[in-house]
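Position one of the sequence shown corresponds to residue 1 (the working numbering), numbered consecutively onward. Ideal placement from N, C-alpha and C gives every residue a C-beta, glycine not left out. Computed from a prediction, not measured in an experiment: that's the story for all the values here. I have placed the structure first, in the form of structure tokens, so that the comments after it can refer back to it.
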Amino acid sequence: MERSDHILVVDDDAEIRSLVCRYLEKNGFRVSTAANGRQMRAELADGMIDLVVLDLMMPGEDGLVLCRDLRAGSHRTMPVLMLTALNDETDRVIGLEMGADDYLTKPFASRELLARIRAILRRARMLPANMQAMETEHRLHFGTWILDTAERNLFDEAGTMVALSGAEYRLLRIFLEHPQRVLSRDQLLNLTQGRDADAFDRSIDILVSRLRQRLRDDSRNPRYIKTVRSEGYVFSVGVKAGNGS
């Protein structure tokens with residue numbers, strides 16, 4: 001029997017936890033809930049969680065702190081959907097910078113929550129079609145970097161590991177699939193998050209900025225991810241597959 005995806009809902013509002021839990025269970029998910037960071041960590045330790053729905057505004061450790069801790073620890077690739085206050089762009093931007101895969105503003109429609117969760121899970125597991133042959137090699141070489149696709153780790157020329165969040169890994173894989181090709185923000189958002197951008201959506205720009213930091217790429221004169229004005233971004237170096245160093 002196929003295993004159902006297991007969602008962890010972290011929110012200090014008991015009514016929201018209950019409503020979200022019932023709706024997701026009705027749509028075939030296993031659901032656990034937590035009211036704070038302590039309970040979240042206990043659930044992550046006890047069960048195989050596939051995605052965390054994380055409220056930003058909570059007393060004590062808020063969603064930003066918890067998301068940052070997830071990205072710094074053993075759950076760094078765990079998909080995270082951040083729930084934020086309506087029209088609070090600053091919180092949404094900070095949430096993305098801390099490593100959230102996507103965000104949803106409160107109040108939200110249940111169908112929209114379901115669609116976002118399904119899209120994040122689908123993108124988290126999707127292997128780009130052009131990478132199928134490369135995947136058996138497990139290592140992708142570009143510039144002075146090596147991406148280990150089996151462990152989802154990035155290594156510099158000295159062999160030092162640079163950890164990637166799930167969203168950072170997926171964006172890098174998309175760029176490695178399409179080297180030296182301009183990709184628009186809409187294309188990147190659709191490929192990484194499974195949705196279209198709105199006029200004020202900055203999530204891809206923030207994610208590109210985070211990935212540049214991982215690659216130690218100077219944003220003023222980048223070697224790897226170049227900005228193409230009014231068009232998008234281009235990964236400007238070639239990619240080779242191979243298990244050798």
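How far does the beta strand (DSSP E) with residue i in it extend, from its first residue to its last?
i, result
"residue 35", "It is not in any beta strand (DSSP E) - residue 35 carries neither H nor E in the DSSP assignment."
"residue 139", "139 to 142"
"residue 83", "80 to 85"
Does the separation of the CB atoms of residue i and residue j fall below 8 angstroms?
i, j, result
"residue 166", "residue 119", "no"
"residue 7", "residue 174", "no"
"residue 239", "residue 182", "no"
"residue 36", "residue 73", "no"
"residue 184", "residue 96", "no"
"residue 27", "residue 114", "yes"
"residue 54", "residue 10", "yes"
"residue 250", "residue 215", "The chain is shown from 1 up to 245; residue 250 falls before or after that span and cannot be answered."
"residue 265", "residue 56", "Only positions 1 to 245 of the chain appear in the structure, and residue 265 is not among them; the question remains open."
Count the other CB atoms, across all protein chains shown, that sit within 10 Å of the CB of residue i; report buried if there are 16 or more and exposed otherwise.
i, result
"residue 58", "buried"
"residue 107", "exposed"
"residue 18", "exposed"
"residue 99", "buried"
"residue 92", "buried"
"residue 33", "buried"
"residue 210", "buried"
"residue 227", "exposed"
"residue 161", "exposed"
"residue 40", "buried"
"residue 168", "buried"
"residue 14", "exposed"
"residue 71", "buried"
"residue 130", "With a pLDDT of 43 at residue 130, under the threshold of 50, the predicted position of this residue should be treated as unreliable, and no value is reported."
With 8 angstroms set as the bound, which would you pick, yes or no: does the beta-carbon of residue i sit closer than that to a beta-carbon of chain B?
i, result
"residue 28", "No chain B is present in this structure, which holds just one protein chain."
Measuring only the C-alpha atoms, how far is residue i from residue j?
i, j, result
"residue 21", "residue 149", "33 angstroms"
"residue 188", "residue 208", "10 angstroms"
"residue 38", "residue 104", "23 angstroms"
"residue 101", "residue 179", "23 angstroms"
"residue 192", "residue 170", "6 angstroms"
"residue 4", "residue 64", "28 angstroms"
"residue 224", "residue 82", "29 angstroms"
"residue 127", "residue 78", "Low local confidence applies: a pLDDT of 46 at residue 127 is under 50, so the model's placement there is unreliable, and no value is given."
"residue 242", "residue 232", "29 angstroms"
"residue 230", "residue 48", "42 angstroms"
"residue 42", "residue 111", "28 angstroms"
"residue 236", "residue 45", "40 angstroms"
"residue 158", "residue 145", "9 angstroms"
"residue 141", "residue 152", "13 angstroms"
"residue 156", "residue 222", "16 angstroms"
"residue 213", "residue 31", "34 angstroms"
"residue 16", "residue 109", "12 angstroms"
"residue 186", "residue 62", "30 angstroms"
"residue 25", "residue 80", "18 angstroms"
"residue 12", "residue 206", "27 angstroms"
"residue 219", "residue 29", "41 angstroms"
"residue 94", "residue 143", "30 angstroms"
Which residue marks the beginning of the alpha helix (DSSP H) containing residue i, and which one marks its end?
i, result
"residue 233", "From DSSP, residue 233 is part of no alpha helix (DSSP H) but of the beta strand (DSSP E) over 232 to 235."
"residue 55", "From DSSP, residue 55 is part of no alpha helix (DSSP H) but of the beta strand (DSSP E) over 51 to 55."
"residue 65", "63 to 72"
"residue 175", "166 to 177"
"residue 14", "14 to 26"
Check the C-beta distance from residue i over to residue j and give it rounded, since I have them as a contact under 8 angstroms.
i, j, result
"residue 163", "residue 76", "5 angstroms"
Quick check: does the Cβ of residue i come within less than 7 angstroms of any heavy atom belonging to the ligand MN?
i, result
"residue 32", "As for the ligand MN, it is missing from this structure, which has no ligand bound."
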